[in-house]
Every structure is written in structure tokens, then in C-alpha cells.
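Encoded as C-alpha cells, the structure appears first; notes follow it.
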């Protein structure tokens, strides 16, 4: 029969026994474009950058190198 080499602290034991899980991120629907996006984030729709339902930058492209 297996025996533990060291005593497991109450904190470590309780951490293992928790059932906390990550919650889903809240998703907003844009009133202008009807696309889902994260709250407080800008989002691209058909090449245009929107923020708070308004067009921020037309013909937006990322400069990924």
C-alpha cells in the first residue's frame, strides 16, 4: 500500500478539493453590425474597426510582421 512521503498541508488539500471553475466571458452584440464581441474591446467587421458601436477606423489593417 502506498504511503505519502510528506504530510500534505490543509491548504494544499483544500485547494485540490475546490470546485471553482472559470466563468464564461460576457459577450455583447453590436447594435450597428449585429456581431458578437467582448465588452470594452474594439472589433473588426469586414475590414473596419468598430468601438462602442461606432466606426473607429475605416479600412483597418493590422501591421503584423
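Residue numbers (our numbering): 10 to 74. All C-beta atoms, glycine included, are put in the ideal place defined by N, C-alpha and C.
Judged by their CB atoms, residue 53 and residue 42 are not nearer to each other than the 8 Å cut-off. A Cβ-Cβ distance of about 6 Å is found for the pair residue 46 and residue 37, placing them in contact under the 8 Å criterion. Judged by DSSP in its simplified three-state form, residue 19 adopts helix. Residues of the same chain with a CB within less than 6 Å of the CB of residue 68, apart from the 5 flanking positions on each side, are 56 in chain order. DSSP places residue 46 in the uninterrupted beta strand (DSSP E) bounded by 45 to 47. In the assembly as shown, residue 29 is an exposed residue. Its beta-carbon has fewer than 16 other beta-carbons within 10 Å.
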